[in-house]
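Chains as they are written, first to last, in our numbering: chain A, 28 to 508; chain B, 210 to 389. Think of the CB as a built atom: it goes at the ideal place given N, C-alpha and C, for glycine as much as any other residue. I have placed the structure first, in the form of structure tokens, so that the comments after it can refer back to it.
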Amino acid sequence: MATQGPIHDPANVDPMIDPRTGEYAVLAPGHNFKSVTQKIAGIVLTDHTPWAWVGGLFLAATIATGVIIGVTWLVLKGVGIWGITIPGAWGFAIINFVWWIGIGHAGTLISAILLLFKQTWRNSINRFAEAMTIFAVCCAGIFPLLHVGRPWLGYWLLPYPNTMNLWPQFRSPLAWDVFAVSTYATISVVFWYIGMIPDFGTLRDRATLPLAKYFYGMLSLGWRGSTRHWIRYESASLLLAGLSTPLVLSVHTTISFDFAVAAMAGWHTTIFPPYFVAGAVYSGFAMVLTLAIPIRKFYHLEDLVTLRHLDNMAKVMLATGSIVAYGYGMEVFMSWYSASHWEFFMMWNRMFGPMGWAYWILILTNLAIPLTTLWSRKLRVNVLYLFCLSFVVNIGMWFERFVIVVTSLYRDYLPSSWGTYRATKWDYILFLGTWGMFTFLFLLFARLAPMIPMSEIRMMLPQTKIRHGGEDAEVVVQEAL
Amino acid sequence: MPPREGVYGLLAEFNTPSELVHATEMAHRAGYRRMECYTPYPVEEAAEALRFHKTGVPLMCLVGGVMGLITGYGMEVWVNVWGYPLNIAGRPLFSWPAFVIPGYEWTILFAGLSAAFGMIAQNGLPQLYHPLFNAPNFRDGATTDKFFLCLESHDPQFSPLETRAFLEKFSPVSVVEVDH
Numbered sequence: 028m029a030t031q032g033p034i035h036d037p038a039n040v041d042p043m044i045d046p047r048t049g050e051y052a053v054l055a056p057g058h059n060f061k062s063v064t065q066k067i068a069g070i071v072l073t074d075h076t077p078w079a080w081v082g083g084l085f086l087a088a089t090i091a092t093g094v095i096i097g098v099t100w101l102v103l104k105g106v107g108i109w110g111i112t113i114p115g116a117w118g119f120a121i122i123n124f125v126w127w128i129g130i131g132h133a134g135t136l137i138s139a140i141l142l143l144f145k146q147t148w149r150n151s152i153n154r155f156a157e158a159m160t161i162f163a164v165c166c167a168g169i170f171p172l173l174h175v176g177r178p179w180l181g182y183w184l185l186p187y188p189n190t191m192n193l194w195p196q197f198r199s200p201l202a203w204d205v206f207a208v209s210t211y212a213t214i215s216v217v218f219w220y221i222g223m224i225p226d227f228g229t230l231r232d233r234a235t236l237p238l239a240k241y242f243y244g245m246l247s248l249g250w251r252g253s254t255r256h257w258i259r260y261e262s263a264s265l266l267l268a269g270l271s272t273p274l275v276l277s278v279h280t281t282i283s284f285d286f287a288v289a290a291m292a293g294w295h296t297t298i299f300p301p302y303f304v305a306g307a308v309y310s311g312f313a314m315v316l317t318l319a320i321p322i323r324k325f326y327h328l329e330d331l332v333t334l335r336h337l338d339n340m341a342k343v344m345l346a347t348g349s350i351v352a353y354g355y356g357m358e359v360f361m362s363w364y365s366a367s368h369w370e371f372f373m374m375w376n377r378m379f380g381p382m383g384w385a386y387w388i389l390i391l392t393n394l395a396i397p398l399t400t401l402w403s404r405k406l407r408v409n410v411l412y413l414f415c416l417s418f419v420v421n422i423g424m425w426f427e428r429f430v431i432v433v434t435s436l437y438r439d440y441l442p443s444s445w446g447t448y449r450a451t452k453w454d455y456i457l458f459l460g461t462w463g464m465f466t467f468l469f470l471l472f473a474r475l476a477p478m479i480p481m482s483e484i485r486m487m488l489p490q491t492k493i494r495h496g497g498e499d500a501e502v503v504v505q506e507a508l
Numbered sequence: 210m211p212p213r214e215g216v217y218g219l220l221a222e223f224n225t226p227s228e229l230v231h232a233t234e235m236a237h238r239a240g241y242r243r244m245e246c247y248t249p250y251p252v253e254e255a256a257e258a259l260r261f262h263k264t265g266v267p268l269m270c271l272v273g274g275v276m277g278l279i280t281g282y283g284m285e286v287w288v289n290v291w292g293y294p295l296n297i298a299g300r301p302l303f304s305w306p307a308f309v310i311p312g313y314e315w316t317i318l319f320a321g322l323s324a325a326f327g328m329i330a331q332n333g334l335p336q337l338y339h340p341l342f343n344a345p346n347f348r349d350g351a352t353t354d355k356f357f358l359c360l361e362s363h364d365p366q367f368s369p370l371e372t373r374a375f376l377e378k379f380s381p382v383s384v385v386e387v388d389h
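See below:
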């Protein structure tokens, strides 16, 4: 614990700043077990559904019809309605897949890696970051499934005994992807649900509507907070965190293998796995900010999701963004140092070719704007700035995947096979549709499930301190009140 | 099998975790064994007082992980060497490095599912009915802000009057008799 004195004048000190450290507090002072429970459970159990929520849900549902329309038309007509063609056979489908799944990775990072590192500030943002992961994986999964061409035969990707006597080919990174992404989706859902069981118990006990009692009662599995249950529960949570940590790293590594294993200029590099993982976390934290900032404002959760959280998330973005910047620098360096004619041409074409604009948008939005400004603490706790920046970074990360997928493919080894890539309106409709779908699912989650883990917030309160002996228990009661 | 009729136990309610831990520790020293604490968040000191340390969850997780590894990797080897051998650019049929990733993913999948469902199973969940839910003050507090100690009636030392007197010594908010 830092012991430096108060850095602010006591007269105009911000109550949210911890005088011992000069940092913003993780939780606002003055809360007790009941107040945090009421605050979080109240969002779900209230009779009053805010009109803005209904409007948002309606708007999101309208946009999400893009998925229904886009998928229906694709099933009827085939993947030819997309802009994919030879040589650019991957196009939006793979760009969007990598982008969405990368966004999901911050949720797992927050729920697993920060848990192992005992970063308790994560407790406030853990639950909705995990929800974000699951919904992002839902959106991501649509694209490769459709991109296989005949999505109704998608189950052929799975190993199962069949009358054709065919089996998957396990030397292919595309088969690895199936295993990595399906495991990731399953473990993320299980981890998320396990985390919510005690909170569903709280909702069951506080609900007044019979339907809500029934619904949350079923979901809570009859949780009653028994200490033996809690110890097993904590053990399982820790194990799941320990398992999710290598999992999340392996998922984006595997996705980068889709590229890196191919003998294609600009893809065939060993830096791809770490650079993809860092980029995923970078965009994921940007998405957590995109979601957290309006939520804390709309539901008045500034006490629980404080400026400390925003500051810390911005710091993680600064760190991962710097790793991504190193990756970009190394790509440029290697294209020269490899002395490979194709690598050199690929980089020249990426920067100054017909699609060079995409590369410079990427550099501007992913590096120039965030990595120069996030050093400033003032900007890191400026809510409006962070909200805008989160969009800038996610645009940048989308362009990163665009640049990787398109610029390597459309001008490869043989100039006679060069082409170009142009997305069609169906590419855009489906991509926008997944945005609507993501928002729709997230809004439903915000209304129906506890967005912030109540039991974990309770553990962060000073009242949890145990005084041994019992004689001074009265003192503890006084302090707690 | 505990009796299904009569008194399930005596439930003492406390305002702070410190009082709960103290009472639990004293109950253990007094010889009570069939007891359980109920708290709105994990209180490790209460588990210490109950002398509950070891859970079976890590072992189940390990067994699940090993099974996942054997299943996943074994399936790949069988498929690509015997089930459906394919010559891909002259690479060996047993391309062991390429099989690492799916094997690894299934290790994590099986281990994670074993830990999660093993924990639920060991906890005896889902169990939608429990006698404690009959206690008038339990559901209002156990998942929100109160700390409970339940001394169960099938403990050999349990007696409705003496146990109640014992619990009253720790100045709980209330001591309630819980029926099955």
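From residue i to residue j, what distance separates their C-alpha atoms?
i                 : j                 : result
Lys-405 (chain A) : Ala-91 (chain A)  : 37 Å
Ser-310 (chain A) : Ile-169 (chain A) : 19 Å
Phe-375 (chain B) : Phe-60 (chain A)  : 28 Å
Ala-163 (chain A) : Gly-134 (chain A) : 10 Å
Pro-334 (chain B) : Phe-303 (chain A) : In the sequence as displayed, the identity of residue 334 (chain B) is Leu instead of Pro. Distance between the alpha carbons of Leu-334 (chain B) and Phe-303 (chain A): 40 Å.
Asp-499 (chain A) : Met-235 (chain B) : Low per-residue confidence applies at Asp-499 (chain A): pLDDT is 48, beneath 50, and the placement is therefore not dependable, though the value from the model is reported in the following sentence. Straight-line Cα distance between these residues: approximately 16 Å.
Phe-357 (chain B) : Phe-197 (chain A) : 54 Å
Ile-224 (chain A) : Gly-244 (chain A) : 10 Å
Phe-319 (chain B) : Phe-124 (chain A) : 25 Å
Phe-299 (chain A) : Ser-283 (chain A) : 6 Å
Ala-158 (chain A) : Trp-148 (chain A) : 18 Å
Asp-349 (chain B) : Asp-232 (chain A) : 6 Å
Met-291 (chain A) : Val-286 (chain B) : 28 Å
Trp-19 (chain A)  : Tyr-250 (chain B) : Because chain A spans 28 through 508 in this model, residue 19 (chain A) falls outside it and cannot be assessed.
Thr-213 (chain A) : Tyr-187 (chain A) : 19 Å
Met-269 (chain B) : Arg-323 (chain A) : 39 Å
Gly-292 (chain B) : Leu-345 (chain A) : 49 Å
Glu-371 (chain B) : Met-244 (chain B) : 15 Å
Val-216 (chain B) : Asp-388 (chain B) : 5 Å
Residue j and residue i - do their beta-carbons sit closer together than 8 Å?
i                 : j                 : result
Glu-222 (chain B) : Pro-381 (chain B) : yes
Arg-312 (chain B) : Leu-278 (chain B) : With the sequence shown as reference, residue 312 (chain B) is identified as Gly, and Arg is not the correct amino acid for it. For Gly-312 (chain B) and Leu-278 (chain B), yes; Cβs fall inside 8 Å.
Asn-393 (chain A) : Thr-434 (chain A) : no
Val-408 (chain A) : Leu-334 (chain A) : yes
Met-276 (chain B) : Arg-259 (chain A) : no
Ile-152 (chain A) : His-327 (chain A) : no
Leu-219 (chain B) : Glu-386 (chain B) : yes
Ile-19 (chain A)  : Ala-156 (chain A) : The requested residue 19 (chain A) is not part of the displayed model; chain A covers only 28 to 508.
Trp-453 (chain A) : Leu-54 (chain A)  : no
Tyr-338 (chain B) : Gly-252 (chain A) : no
Gly-379 (chain B) : Ala-232 (chain B) : One detail in the question is off: residue 379 (chain B) reads as Phe in this sequence, not Gly. The answer is yes: Cβ separation under 8 Å.
Ala-325 (chain B) : Val-217 (chain A) : yes
Val-98 (chain A)  : His-174 (chain A) : no
Please name the residue in the options whose C-alpha comes closest to that of residue i.
i                 : options                                       : result
Gly-129 (chain A) : A:Val-208, A:Val-98 and A:Leu-334             : A:Val-208
Arg-242 (chain B) : B:His-363, B:Leu-341, B:Val-286 and B:His-389 : B:His-363
Trp-445 (chain A) : A:Tyr-437, A:Thr-451 and A:Lys-452            : A:Tyr-437
Thr-225 (chain B) : B:Val-252, B:Glu-214 and B:Ala-256            : B:Val-252
Thr-229 (chain A) : A:Trp-250, A:Tyr-220, A:Thr-210 and A:Ala-202 : A:Trp-250
Trp-183 (chain A) : A:Ala-473, A:Val-205 and A:Pro-200            : A:Val-205
Arg-449 (chain A) : A:Pro-42, A:Ile-108, A:Met-43 and A:Val-102   : A:Ile-108
Thr-491 (chain A) : B:Lys-355, B:Pro-306, B:Glu-214 and B:Ser-323 : B:Lys-355
Ser-77 (chain A)  : A:Arg-474, A:Ile-493 and A:Arg-485            : Looking at the sequence itself, residue 77 (chain A) is Pro, so the reference to Ser does not match. Measuring from the Cα of Pro-77 (chain A), the nearest candidate turns out to be A:Arg-474.
Gly-240 (chain B) : B:Trp-315, B:Pro-365, B:Thr-264 and B:Thr-316 : B:Pro-365
Trp-462 (chain A) : A:Phe-418, A:Thr-447 and A:Asp-439            : A:Phe-418
Leu-229 (chain B) : B:Arg-373, B:Phe-367 and B:Cys-359            : B:Cys-359
Ala-268 (chain A) : A:Gln-146, A:Leu-416, A:Phe-372 and A:Leu-248 : A:Gln-146
Ser-247 (chain A) : A:Arg-255, A:Thr-235, A:Thr-254 and A:Tyr-220 : A:Tyr-220
If I'm right that residue i touches residue j with Cβ under 8 Å, what's the distance once you round it to whole angstroms?
i                 : j                 : result
Ala-287 (chain A) : Thr-296 (chain A) : 6 Å
Val-266 (chain B) : Gln-331 (chain B) : 7 Å
His-432 (chain A) : Ile-121 (chain A) : The sequence given here places Val at residue 432 (chain A); His does not occur at that position. Rounded, the Cβ-Cβ distance is 5 Å, consistent with contact.
Phe-308 (chain B) : Tyr-282 (chain B) : 6 Å
Would the beta-carbon of residue i be found less than 7 Å away from any heavy atom of the ligand NAD?
i                 : result
Ala-263 (chain A) : Annotation note on the ligand NAD: not contained in the displayed structure, which lists no ligands.
Q.
Three or more C-beta pairs under 8 Å: does that hold for the region 186-196 of chain A against the region 230-240 of chain A?
A. no
**Q.** Sufficient close CB pairs (3 or more, under 8 Å) joining the region 62-82 of chain A to the region 473-490 of chain A
**A.** yes
Q. Can we say the region 340-357 of chain B touches the region 259-266 of chain A, given the rule of at least three CB pairs closer than 8 Å?
A. no
Q.
Would you call the region 385-401 of chain A in contact with the region 342-352 of chain A, where contact means no fewer than 3 C-beta pairs closer than 8 Å?
A. Contact check between the region 385-401 of chain A and the region 342-352 of chain A: three or more CB pairs, one atom from each, fall below 8 Å, which counts as touching.
Q.
Closer than 8 Å is the cut-off here; do at least three beta carbon pairs connect the region 75-93 of chain A with the region 461-474 of chain A?
A. yes
Q | Inter-stretch contact (C-beta, 8 Å, three-pair minimum) for the region 138-149 of chain A and the region 267-275 of chain A | A | The way I'd put it, the region 138-149 of chain A does touch the region 267-275 of chain A; three or more beta-carbon pairs between them come closer than 8 Å.
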